[in-house]
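Notes follow once the structure below has been shown.
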Amino acid sequence: MSKRVLICGGAGFLGSHLSERLLARGHHVICLDNFYTGHLRNVEKLRGHRNFELVEHDVINPVTVEDVDQIYNLACPASPAHYQRDPIQTMKTSVLGALHLLALAETQKARILQASTSEIYGEPLQHPQDEEYRGNVSCVGPRACYDEGKRSAETLFFDYRRHGRADTRVARIFNTYGPQMCADDGRVVSNFIVQALRNQPIEVYGDGSQTRSFCYVDDLIDGLNRLMDHEGDLPGAVNIGNPTENTVLELAELIISLVGSRSRIEQRPLPQDDPTRRRPDISRAEQLLGWRPTTPLVDGLKKTIAYFETELSREGTVATPAHRTMVAAE
C-alpha cells in the first residue's frame with residue numbers, strides 16, 4: 002500500500018538513494034533538507050516525479066508536515082570533516098532534530114526510524130560489536146558532538162517507545178559507500194577514490210592497519226526499508242552493515258588497482274579518537290529482518306569509481322590513469 006514518507010536529510014548521500022527506492026516502490030516522498038551537506042543535484046532527477054516533494058528546512062526547528070505515515074531521520078552530517086566544522090550545530094541537529102521529529106511522529110501517529118551510527122560504540126573493547134555492547138566513547142573529544150549526539154537521540158527514541166508515544170526504530174549504520182557521496186566528503190572511500198583518480202598521494206591515516214566494514218549503499222537502503230516495515234516486537238537497535246572486515250591499507254591498494262592509478266600511499270598521523278577496529282555483528286538483522294548485504298566490495302567500488310570519474314570529469318579535475326582495470330571482466 003502506498004504511503005506518505007518524510008525523509009529528513011533526503012538530499013544527502015543516503016537520503017537521495019532512499020528517496021529513489023521509495024518512489025520506485027510507489028510511495029509518496031517528502032524530501033526535507035537544509036542543504037548543509039545535502040546537494041540539489043542528488044535529487045534533481047526526482048523533482049519532476051509526481052510523487053516527490055522537496056522542502057528546504059532545518060530540523061533544529063519544529064517540523065510541520067501533514068498526513069505522513071513514515072518518517073526517516075537521516076538529518077545529520079555523517080563525516081568527521083563535516084560534523085566537526087560546526088560541532089554545536091551537529092549536536093543540535095541530533096538532539097533537537099530527534100525531539101522535533103518524534104513530536105511530529107506522535108501527533109501524526111507515524112512510524113519513525115532513527116539513522117544512528119556505529120560511532121556510538123566508540124573505540125570498541127568488544128569485537129565484533131553487537132547491539133548489547135554499550136560502547137567506549139569519549140564524551141569530550143572532537144568526535145563527541147556526533148557520537149554523543151547520536152547516543153542522545155537514541156535515548157529519546159527508546160524513551161518515546163517505552164512510554165507508548167511513538168512507534169520507533171533505531172538503525173546503527175556502519176561504514177557505507179556508493180554513488181552520490183560528495184567528493185569532499187572526508188570519508189575513507191571517497192577520499193581514496195578521488196585521490197586515485199587524480200593520481201594524487203593516497204593519504205592513509207596511521208599505519209593503515211585499522212579496520213572498517215564497508216557496506217554498499219543499495220544493501221544499506223534495503224536494510225533500512227526492512228527495519229521500517231518490520232511488524233512485531235524489536236528488542237532494541239539493529240546493526241545495519243557489512244560483517245566483512247578490511248584494513249584501510251587493503252582498501253587503498255584495491256582502489257589504486259581498480260582505478261589503474263599512479264598514486265602512492267603516504268601515511269598521515271592518526272586523528273584523535275579514530276577507532277582502530279570496526280565490524281558489526283548482524284545476527285539481529287539476519288534473524289528479525291532476513292537481511293544481510295550481498296554486494297561484494299569490488300563490485301561496489303567499481304560502481305562508485307565510475308560515479309566519481311564522471312563527476313570529476315565534469316569539473317575537469319580527473320587525471321588520466323596509466324591504465325584501467327576497473328571494467329575488466331572477472
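Counting with my numbering, you get residues 2 to 331 for the letters of the sequence shown. All C-beta atoms, glycine included, are put in the ideal place defined by N, C-alpha and C. Quick caveat, the model's predicted, so the values are computed rather than measured.
What is the residue span of the alpha helix (DSSP H) that residue i lies within?
i, result
"residue 240", "First-last for residue 240: 239-241, but that is the beta strand (DSSP E), not the alpha helix (DSSP H)."
"residue 191", "189-198"
"residue 156", "145-163"
"residue 250", "249-260"
Please name the residue, chosen from the options, that lies closest to residue i on a Cα-to-Cα basis.
i, options, result
"residue 8", "229, 119, 140, 175", "229"
"residue 260", "299, 95, 275", "299"
"residue 31", "56, 193, 45, 312", "56"
"residue 16", "87, 44, 3", "44"
Less than 8 Å separating the beta-carbons of residue i and residue j?
i, j, result
"residue 163", "residue 114", "no"
"residue 75", "residue 165", "no"
"residue 293", "residue 212", "no"
"residue 118", "residue 151", "yes"
"residue 253", "residue 306", "no"
"residue 187", "residue 82", "yes"
"residue 6", "residue 71", "yes"
"residue 207", "residue 126", "no"
"residue 138", "residue 121", "yes"
"residue 290", "residue 233", "no"
Quick check on the DSSP output: the beta strand (DSSP E) that includes residue i runs from which residue to which?
i, result
"residue 17", "Note, residue 17: premise wrong, no beta strand (DSSP E); alpha helix (DSSP H) at 14-25."
"residue 206", "203-206"
"residue 218", "Here residue 218 belongs to no beta strand (DSSP E); instead the alpha helix (DSSP H) covers 218-230."
"residue 269", "266-269"
Which residues in the same chain have their Cβ closer than 8 Å to the Cβ of residue i, if we skip the five residues on either side of it in sequence?
i, result
"residue 128", "278, 280"
"residue 314", "none"
Let me check one thing: in DSSP terms, what residues is residue i bridge-paired to?
i, result
"residue 281", "130"
"residue 9", "33, 74"
"residue 117", "173"
"residue 137", "123"
"residue 288", "Residue 288 is not bridged to any residue."
"residue 212", "248"
Quick one: does residue i have its CB under 8 Å from some CB of chain D?
i, result
"residue 59", "Structure shown: chain D not included; a single protein chain is present."
Can you give me the Cβ contacts of residue i inside the same chain, cut-off strictly under 7 Å, excluding the 5 residues immediately before and after it?
i, result
"residue 153", "95, 96"
Hey, is residue i close to the ligand ADP, as in C-beta under 7 Å from one of its heavy atoms?
i, result
"residue 59", "This structure lacks the ligand ADP, and indeed carries no ligand of any kind."
Can you list, in chain order, the residues of its chain with a C-beta nearer than 6 Å to that of residue i? Leave out the 5 residues immediately preceding and following it.
i, result
"residue 39", "12, 13"
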